[in-house]
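Before any comments, here is the structure.
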Ligand SMILES: C[S@@+](CC[C@H](N)C(=O)[O-])C[C@H]1O[C@@H](n2cnc3c(N)ncnc32)[C@H](O)[C@@H]1O
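In this note's numbering, the protein residues as written are 204 to 580.
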């Protein structure tokens, strides 16, 4: 198989997994708990969806009246455009529609809408969904899906991971509310971090245990015929949103620096002083639960801190990685440390990354760190 196809398959494989009803429900209820009217009279767009496979459309259609929605729009991406060897199936729902056309069914995207009681049974629910073919394949970047985005108040989906950056930019350009799934690594993308720092995006309520279990059902191109059917576990996934929820306002329960040094469960903390970076005026805190509550200076904390971030408790100063680091004042490597790291430690050096010095004055680079400061100092 050509390398190109392998790459395509890998990319598509990473994009073809579907969110469980329970995870959608858990997340969405966190916004409802905070504000019961959060979806009232709103038009919700679920792009990158596929009601045959996805629970998003089903969940919102079934809760249409409970949430007081004005309109639900869901679009699906054409089978042929997915470039993954998923079994091609049409549903009775599609086939029984008078406009079903087997010739274009594989190549066009679809739009599903729900806004009134089509079957006149007194309730608006999934049985009232109507669908049409889109002009194109349902790519979220197409003009017709952009138009739907502009019509919507809130955009909710699990977008293709390979296009996360582009997808988030697509939403931000339209200034809409959103709740989308992404990997926590996306926090370190420069443009995503800027949104987080400026309070335009934050993490959602989250998946249980910090990992998502997604429904996957495709035939893997690369291992032709290997039918992977079932669930895949993806660690480090989270929801990204700009809608308020309660957990975001619960401050972390923390100990003082002295208590951490005395009682911490982490051997790196217990009995040691907190270390300082060599190239930035801040202390290194390698575990979120070891953040000292009485420290008034800047602290470098793991990326996973963002899941516990409460804006009333901490201020985000910057990201101690590469260009973002340089932008917030992290000093580049000294010539000596750069050479040592390259020649002796055989590691790459990126200016803007935070580093410390060990007892022999040799550079030690921690994983990516977010720089934070306690509020109200
Ligand atoms: C991670 S899956 C999630 C599906 C569904 N939203 C869910 O969570 O159950 C992402 C979906 O986006 C589709 N997709 C990939 N590229 C797309 C594009 N450019 N425009 C729209 N959808 C796309 C994939 O085919 C896949 O069905």
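Where is the CB? At the ideal position from N, CA and C, for every residue including glycine.
- Measuring C-alpha to C-alpha distances from residue 537 to each of 316, 526, 530 and 558 identifies 558 as the nearest.
- For residue 315, the enclosing beta strand (DSSP E) starts and ends at 313-317.
- Apart from sequence neighbours up to five positions away, the residues of its chain that approach residue 571 with a beta-carbon distance below 6 Å are 391, 506 and 524, ordered along the chain.
- In the three-state scheme derived from DSSP, where H, G and I count as helix and E and B as strand, residue 449 is classed as helix.
- Across the structure, residue 274 and residue 306 are spaced so that their CA atoms are roughly 30 Å apart.
- Here residue 487 carries a strand assignment [DSSP, helix/strand/coil].
- About 20 Å separates the beta carbons of residue 521 and residue 455, which is beyond the 8 Å limit, so they are not a contact pair.
- Judged by their CB atoms, residue 318 and residue 326 are not nearer to each other than the 8 Å cut-off.
- Within the same chain, 467 come within 6 Å of residue 473 by CB-CB distance, once the 5 residues on both sides are set aside.
- Annotation: the continuous beta strand (DSSP E) that includes residue 577 extends over 572-577.
- Counting C-beta pairs with one atom in each stretch, the region 438-452 and the region 494-501 have fewer than three that are closer than 8 Å, which means they do not touch.
- A Cβ-Cβ separation of about 6 Å places residue 518 in contact with residue 578 under the 8 Å criterion.
- The residue from 419, 416 and 398 with its alpha-carbon nearest to that of residue 509 is 398.
- Around the beta carbon of residue 401, fewer than 16 other beta carbons sit within 10 angstroms, so the residue counts as exposed.
- Straight-line spacing of the CA atoms in residue 447 and residue 409 works out to 13 Å.
- In the DSSP assignment, residue 276 falls within the unbroken beta strand (DSSP E) covering 274-279.
- DSSP lists no beta-bridge partner residue for residue 220.
- Between ligand 1 and the CB of residue 344, the shortest heavy atom gap is smaller than 7 Å.
- Assigned with DSSP and collapsed to three states, residue 348 falls in helix.
- When the beta-carbon positions are compared, residue 281 and residue 243 stay at least 8 Å from each other.
- DSSP, reduced to helix, strand and coil, places residue 333 within a strand of the structure shown.
- Residue environment for residue 257: buried (at least 16 other C-beta atoms within 10 angstroms of its C-beta).
- For residue 419, the secondary structure class from DSSP, reduced to helix, strand or coil, is strand.
- Judged by DSSP in its simplified three-state form, residue 385 adopts strand.
- Sixteen is the threshold: when 16 or more other Cβ atoms of the shown chains lie within 10 Å of the Cβ of residue 385, as they do, the residue is buried.
- Membership of residue 395 in the alpha helix (DSSP H) is indicated by the continuous run 393-400.
- Shown here, residue 509 sits in a helix according to DSSP, grouped into three states.
- Beta-bridge annotation (DSSP): residue 442 is paired with 384.
- A Cβ-Cβ distance of about 6 Å is found for the pair residue 359 and residue 247, placing them in contact under the 8 Å criterion.
- Cβ-Cβ distances below 8 Å link residue 240 to 271 in the same chain, with the five nearest sequence neighbours on each side left out; the list follows chain order.
- In the DSSP assignment, residue 267 falls within the unbroken alpha helix (DSSP H) covering 267-270.
- Exclusion of the five residues before and after residue 367 leaves 385 and 389 as the residues of its chain whose Cβ lies within less than 6 Å of its Cβ.
- For residue 521, DSSP records a beta bridge to 574.
- Counting of Cβ neighbours within 10 angstroms places residue 253 among the buried residues, the total reaching 16 or more.
- The continuous stretches of alpha helix (DSSP H) do not include residue 327, and DSSP gives it neither H nor E.
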